[in-house]
Amino acid sequence: MVCAPACPVSFPPQKYNADYDLSATQGADTLAFVSLLEEKLLPVLIHTFWVDAKNYVEHTRKWYAETIPFPLNFFLPNCMHKQHMERLQLMWGDGYMEDEEKLEKELYRDARECLTLLSQRLGSQKFFFGDLPASLDAFVFSRLAPLLKAKLPNGKLQQHLKSLQNLCNYCTSILSLYFPWDGGEMHPQPHAAPLGCPPQKKNTPRNPTLVPCCALFPPGDLPASAPRVGGAEGGDTEEDPHKRRNQLLSVLVGLAAMLGYAFLSGIVSIQRGAVGPAGRQPIALEEEEEEEEE
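This is the structure in structure tokens:
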């Protein structure tokens, strides 16, 4: 469930490019920061959400199990967990489990340094290259927002991110600007350009908002792919049929499993016999008893 970064982000049919106005130096900075995030931050994010036992059991697996439809929610989280473990093994080598504690300390130290460097590079700017978003902003947001918004039981790296106030404000600003239905603190601008796109002319139709390209972690408190309609009560009404369907399917599967076990274990059996004249079977039993007495 991890996709490779696509930088620069572009919209070929509309002839838009997220980095169309960046200089050569800024383009080089984009590639450098993307590589830095992939090397220093991504492994720790995978470890935080998928390897840390407490976070995985109490947050990641629980979220996916509640969100993925039945019956896929029983085995897909475990498959995804296995995939991320294999990816970490490719990143760290076959012997990473031998001294996992030492390696974990080094990786978390590098990740904290990476976040601090991002904070210093952002400074007091709205986006990394000024007042307009670029592909680097989309990529950084896709890494930082899940870490910032998720309710993690063990949030060592999350605490460091929350201590960097400009990065927290940066994520909150993007959430409120491009995902206004999530209830951000800031008011969305009515004519804001999509994240990663240049500003458009008045008569030009809006492009869809650029959603971060990574499905690495559960969104948790992040916005859904579309605004919620009808308020909280409407959302509950829409979810009720699915809940009832899942409950009904669970009951049916349980009954089928119980009946199958009963038949296979011999607790319940079906016998077929010819129906004879009434009273014939008891007479036969009496004759057998008399023979035994003789």
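Going by the UniProt record's numbering, the first residue of the sequence shown is number 1, and it counts up by one from there.
Don't be surprised by glycine CBs; every beta carbon is placed ideally from N, CA and C.
Quick caveat, the model's predicted, so the values are computed rather than measured.
Just tell me which of the options has its CA closest to the CA of residue i.
i    : options                : result
T172 : F127, Y20, T116        : F127
Q83  : G266, F263, F49        : F49
Q26  : P133, V44, C79         : P133
V44  : D29, E101, L264        : E101
T67  : R109, A257, L90, N246  : N246
L177 : I46, L118, E106, A138  : A138
H47  : E106, Y261, L252       : E106
V51  : A111, L259, E86        : E86
K54  : M80, N154, C114        : N154
R121 : D110, A32, E38, L175   : A32
V34  : L117, E104, R109       : L117
A24  : F129, R109, D110, A257 : F129
N166 : C114, A111, I267, S119 : S119
F141 : E113, Y170, V251       : Y170
A111 : L103, K40, C79         : K40
C114 : I174, M91, H160, W92   : H160
W92  : F179, L42, L255        : L42
Looking only at its chain, what residues have a beta carbon closer than 6 Å to the beta carbon of residue i, apart from the 5 residues adjacent to it on each side?
i    : result
V57  : none
E233 : The predicted position of E233 is uncertain, since its pLDDT is 41 and thus under 50; a value taken from the coordinates is nonetheless stated next. There are no such residues.
Q158 : L147, L152
G231 : Confidence in G231 is poor, its pLDDT being 39 and thus under 50, which makes the residue's placement too unreliable to answer from.
H81  : W50
V253 : none
I174 : F141
For residue i, which residues does DSSP report across the bridge?
i    : result
G130 : F127
Short of 8 Å in beta carbon distance, which residues of its chain neighbour residue i, apart from the five on each side in sequence? Order them along the chain.
i    : result
P77  : T60, R61, Y64, A65, I68
K162 : L148, C168
G123 : N166
S250 : F70
E104 : H47
L36  : C114, L117
Among the residues of its own chain, which have a CB less than 7 Å from the CB of residue i, if the five just before and after it don't count?
i    : result
E185 : For E185, the pLDDT reaches just 46, beneath the cut-off of 50, and the residue's location in the model is therefore unreliable, although a value from the coordinates is still provided. So the qualifying residues of the chain are T172, S176.
K156 : Y108
G183 : Because the pLDDT of G183 is 46, which lies under 50, any placement of that residue in the model is unreliable, and the number read from its coordinates should be weighed accordingly. The answer is none, since no qualifying residue turns up.
Secondary structure, beta strand (DSSP E): runs of 3+ residues fully inside the segment 36–90: none
Decide yes or no for the touch test of the segment 129–145 against the segment 70–85: beta carbon pairs closer than 8 Å, at least 3 of them. no
Which runs of the alpha helix (DSSP H) fall wholly inside the UniProt domain "Metaxin glutathione S-transferase" (111–174) and span at least 4 residues, in chain order? 135–149, 156–163
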